[in-house]
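In our numbering, the protein residues as written are 38 to 349.
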């Protein structure tokens, strides 16, 4: 399945220690880069989350944000006699060193007593974070696949334009060679006429035809782009194969695992090769029409390359 690297996912999980929220933001990156933003209580969850993300993602800069809200505790339970006595004892001890210490306010006492009752082990936070991560990751993967499908369709539409230009150049090549042959024949005749007003008395028709044929052959070899056009057609077939997701299904049938090589990296290499063929086509251009075709090919290939940079 073709997937983009840009997406967002969020999930929540209610545990005894509180309500945990996890958000995942993903943007483009050459490699898998995971960044965490979470309270210290949840730091133990970093490594399990990193391993879980590595199993589902291959590329992208991933930012994981986690937060929690402690469960509400009834005021009557928070302000029990035992809790008040602990606060009073602690305040009395502090005043032996700092006599001017003020008494805590009502809401401060509630928060302090509540925090004491809701203390949670780090392992519990880690398990709750992983539970909240699953719906966030599922949402992220779904968003990546939807965006990847749209990008693949856009590139396939652009590839059709590339194929149309290649086909047109293939069709025009015989006409271009014939036109150039006529130009060369006329140029040779004009040159002989200017150099020798009676030049055609010194060279036979057969010799002139042989010279024209030789020059035409040299020109045809110089501007022969059949090999480049064939490679472009082959690259277009490979592009359609990669964007169809067939290589994923075949790899899974063989290994029953997700393939290691990413489609985005394969496409990046493929577009480099296509751009090289377009450059060669431009350097061999024997007419303005061919030059324009090479320029249009390069523009379309660059458009596809920019889209492929978003793919995983």
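Each residue gets a CB set at the ideal place from its N, CA and C atoms; glycine is no exception. Note that the structure is a prediction, hence the values are computed from the model and not measured.
Whole-number beta carbon distance between residue j and residue i, since they are thought to touch under 8 Å
| i | j | result |
| --- | --- | --- |
| residue 141 | residue 124 | 7 Å |
| residue 173 | residue 46 | 4 Å |
| residue 189 | residue 39 | 5 Å |
| residue 59 | residue 170 | 5 Å |
| residue 400 | residue 95 | This structure leaves residue 400 out entirely; the chain is present only between 38 and 349. |
Beta-carbon proximity list for residue i, same chain, < 6 Å, skipping 5 on both sides
| i | result |
| --- | --- |
| residue 73 | 83, 101 |
| residue 75 | 103 |
| residue 105 | 55, 57 |
| residue 216 | none |
| residue 294 | Confidence at residue 294 is low in this model, with a pLDDT of 43, below 50, so the placement of that residue should be treated as unreliable; the coordinate-derived value is given next. Counting only Cβ-Cβ distances below 6 Å, and skipping sequence neighbours, we find nothing. |
| residue 79 | 103, 162, 166 |
| residue 61 | 46, 101, 173, 177 |
| residue 311 | 272, 338 |
Assigned secondary structure, residue i (DSSP; H/G/I helix, E/B strand, else coil)
| i | result |
| --- | --- |
| residue 292 | In this prediction, residue 292 scores a pLDDT of 47, lower than 50, which makes its location untrustworthy; the coordinate-derived value is nonetheless stated afterwards. In the structure shown, residue 292 sits in a helix (DSSP, three-state: H, G or I). |
| residue 111 | Unreliable placement is indicated for residue 111, whose pLDDT of 45 sits below 50; the coordinate value is still reported in the next sentence. Three-state DSSP puts residue 111 in coil, outside helix and strand. |
| residue 309 | helix |
| residue 282 | coil |
| residue 40 | coil |
| residue 195 | helix |
| residue 276 | helix |
| residue 47 | strand |
| residue 94 | coil |
| residue 213 | helix |
| residue 74 | strand |
| residue 297 | Bear in mind that the predicted position of residue 297 carries a pLDDT of just 44, short of 50, making it unreliable; the figure below should be weighed with that in mind. In this structure, residue 297 counts as coil in the three-state DSSP scheme. |
| residue 37 | With the chain represented from 38 up to 349, any question about residue 37 goes unanswered, as that position is not in the structure. |
| residue 139 | coil |
| residue 206 | helix |
| residue 134 | helix |
| residue 171 | helix |
Buried/exposed call for residue i, threshold 16 Cβ in 10 Å
| i | result |
| --- | --- |
| residue 48 | buried |
| residue 308 | buried |
| residue 330 | buried |
| residue 304 | buried |
| residue 41 | buried |
| residue 344 | buried |
| residue 134 | exposed |
| residue 128 | exposed |
| residue 212 | exposed |
Cβ shell of residue i (< 8 Å), same chain only, five flanking positions each side left out
| i | result |
| --- | --- |
| residue 167 | 82, 85, 86, 89 |
| residue 270 | 200, 203 |
| residue 205 | 330 |
Nonlocal neighbours in the same chain, by C-beta distance under 7 Å from residue i, ignoring five residues either side
| i | result |
| --- | --- |
| residue 337 | 195, 198, 199 |
| residue 43 | 63, 64, 65, 184, 347 |
| residue 315 | 331, 334, 335, 338 |
beta-carbon residue i near the ligand FAD non-hydrogen atom, thresh 8 Å
| i | result |
| --- | --- |
| residue 175 | In terms of ligand content, the structure shown is empty, and the ligand FAD therefore cannot be addressed. |
>> Does the segment 270-279 come into contact with the segment 320-334, if we say contact requires no fewer than three beta-carbon pairs (one atom in each stretch) closer than 8 Å?
In response: no
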